[in-house]
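Residue numbers (our numbering): 2 to 426. Every residue, glycine too, gets a C-beta built ideally from N, C-alpha and C. The block underneath contains the structure these notes are about, expressed in structure tokens.
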Amino acid sequence: MTETNIMEQDQTTRAVLIAVSLGREEAECENSLAELERLLETAGGETAATVIQNRPHPDKATYIGSGKCEEIAQMVQSDPSITLAVFDNELSPSQIASVEEIIGIRVIDRTMLILDIFALHAVTGEGKLQVEIACLRYTAPRLVGKGKMLSRQGGGIGSRGPGESKLESDRRHIRRRIEALSAELDELERTRNVKRAQRMRSGLATAAIIGYTNAGKSTLLNRLTDAGILAEDKLFATLDPTTRRLTLPSGTEILLTDTVGFIDRLPTHLVRAFRSTLEELKYCDLILCLTDGSEEASERTRKRAVTEKLIEELGAGGKPILEVYNKTDLVSDGDRGLFPGNALEISAATGKGIDELLAKLDETVNGGKKLLTLFFPHSESGRVSDLYRLATVQEVEYTEDGTVATALCDERAQGMFTKFVHQKP
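Below is the structure:
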């Protein structure tokens, strides 16, 4: 097979996307391919065609069978602009080599594409280390039979990442590289643990925004805190966690963290490499679980299940979770009312529902406490000292008629001072 660059400098890579049903319903396969298409777009590619092969088990040699390979080869011959084939399933090195030999263009699988996107979007030193480790761990066991593929450098989808130049060396060199990178990552993790301990000593509650990739987590953090982080309509636009202070309506301050998005069949190597980052979930006090409310109910359910599974795997199960459905400004009137009754409906882009979200955050963080404005006439001035004892007084104003106080009150204090609420003259 002639060597080709996957991504030309001034030309968008056009690819054929391929999936094998393996007993799945056709609609499920189509949805999975639609997600693969979004991944390809995020990597800078363009879909030329999609192929679904209906078979209960993969072919050992080519995964899709030689007949389907010949069919795709004819498609590629009739459209020379197609230079890449992307499988929605994970292929072995020998299967990739066999398919490439038949269809005559570069072949990658879903995992390779996701690793490529992570390499493209990693910004910080820690993010780049995590991506390189994941790339090397994925590639190391695939060295045998991939000599020709290992010589490809640079330029395109499935071949990016800081570790490519190391992949031409032997297994021992890669193992040493992984060990060195892991040591650097451990040092960064120790620094992260020190910062986490400092945050815990500060007494500030912590909340993490999680959810499927492209649910709008970064947009929400920007809306709530003016964080100014990148927020694009792409999968995995944000890889590096960002933490900002958020002042709630009661005046309580919390730390809010944006996290890397989840995705179905997130490569194990990435989960392992990003575990130190994802473990922020384990130590937070509250989780904001964000779902794209503009998608069909079946997709929302599927992605919510993926998110729940990863929450459990990361040891964050059992924490308080606020269910938040984003992008509801894109939901038609006929589709409203389809979200769970306890869910909050917002639009991080327009600001719809943000006040309700902040109020719910406030209530959850403060355990049912409410910010009340109370008026004590002179005849009841002695109750002000009770208020200081039973609540968190934030502001006091002395007037001719009495004392006006703003205080954060728990349920007991709310009951005791009910008659003074909003009793301004």
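- In chain order, G252, T407, A408, L409 place their CB closer than 7 Å to the CB of Q395, counting only its own chain and leaving out the 5 sequence neighbours on each side.
- Taking 8 Å as the cut-off, the beta carbon of R224 is found no closer than this to the beta carbon of I322.
- Along the length of the region 200-277, whole alpha helix (DSSP H) runs at least 4 residues long occupy 218-226, 269-274, reported in chain order.
- For K320, the secondary structure class from DSSP, reduced to helix, strand or coil, is coil.
- L388 sits close to F418, with the two beta carbons spaced by under 8 Å.
- Of the residues assessed, G383 falls on the exposed side of the cut-off, its CB having fewer than 16 other CB atoms within 10 angstroms.
- Going by DSSP, I73 is part of the alpha helix (DSSP H) stretching over 67-79.
- Under the DSSP definition of a beta bridge, Q96 lacks any partner.
- Ranking N90, L287, G212 by CA distance to the CA of V307 puts G212 first.
- By the C-beta criterion, the region 125-135 is judged not to be in contact with the region 101-114, since fewer than 3 inter-stretch pairs fall below 8 Å.
- Straight across, the Cα-Cα distance linking E29 with E42 is about 20 Å.
- Restricting attention to R15, K304, R56, the CA atom closest to the CA of L291 is found in K304.
- Contact check for T207 and L256: beta-carbon distance about 5 Å, within the 8 Å limit, so the pair qualifies.
- Of the residues Y64, G294, D117, the one whose Cα lies closest to the Cα of V100 is Y64.
- Contact between K361 and L339 is absent: CB atoms are separated by about 20 Å, not below the 8 Å threshold.
- Under DSSP, G46 shares a beta bridge with T14.
- Between the C-alpha atoms of E280 and V52 there is a straight-line separation of about 38 Å.
- In this structure I106 does not touch C70 by the C-beta definition: roughly 11 Å separates them, more than the 8 Å allowed.
- In this structure, the straight-line span from the alpha carbon of P59 to that of I19 is close to 13 Å.
- Shown here, F421 sits in a helix according to DSSP, grouped into three states.
- Between A86 and V17, the gap from beta carbon to beta carbon is short of 8 Å.
- In the DSSP secondary-structure assignment, N55 is not bridged to any residue.
- Nearest to V261 by C-alpha distance, out of R56, N215, P250, is N215.
- Nearest to V397 by alpha-carbon distance, out of A414, V385, R390, is V385.
- According to DSSP, residue pairing for R384 in a beta bridge does not occur.
- DSSP places I83 in the strand class (E or B) of the three-state scheme.
- When DSSP states are grouped into helix, strand and coil, G403 belongs to the strand group.
- Closest in C-alpha terms to N343, from the list I312, Y326, E38, comes Y326.
- The alpha-carbon separation between F275 and K218 amounts to approximately 18 Å.
- Using a 10 angstroms sphere on the CB of K310, the tally of other CB atoms stays under 16, which defines it as exposed.
- In the three-state reduction of the DSSP assignment, A392 falls in the coil class.
- Under the DSSP assignment, D411 falls outside any beta strand (DSSP E); it carries neither an H nor an E label.
- Put simply, of D265, D259, R177 the residue whose alpha carbon is nearest the alpha carbon of R246 is D259.
- In the three-state scheme derived from DSSP, where H, G and I count as helix and E and B as strand, I109 is classed as strand.
- Taking the Cβ atoms as the reference, T374 lies roughly 7 Å from V405, within the contact range of under 8 Å.
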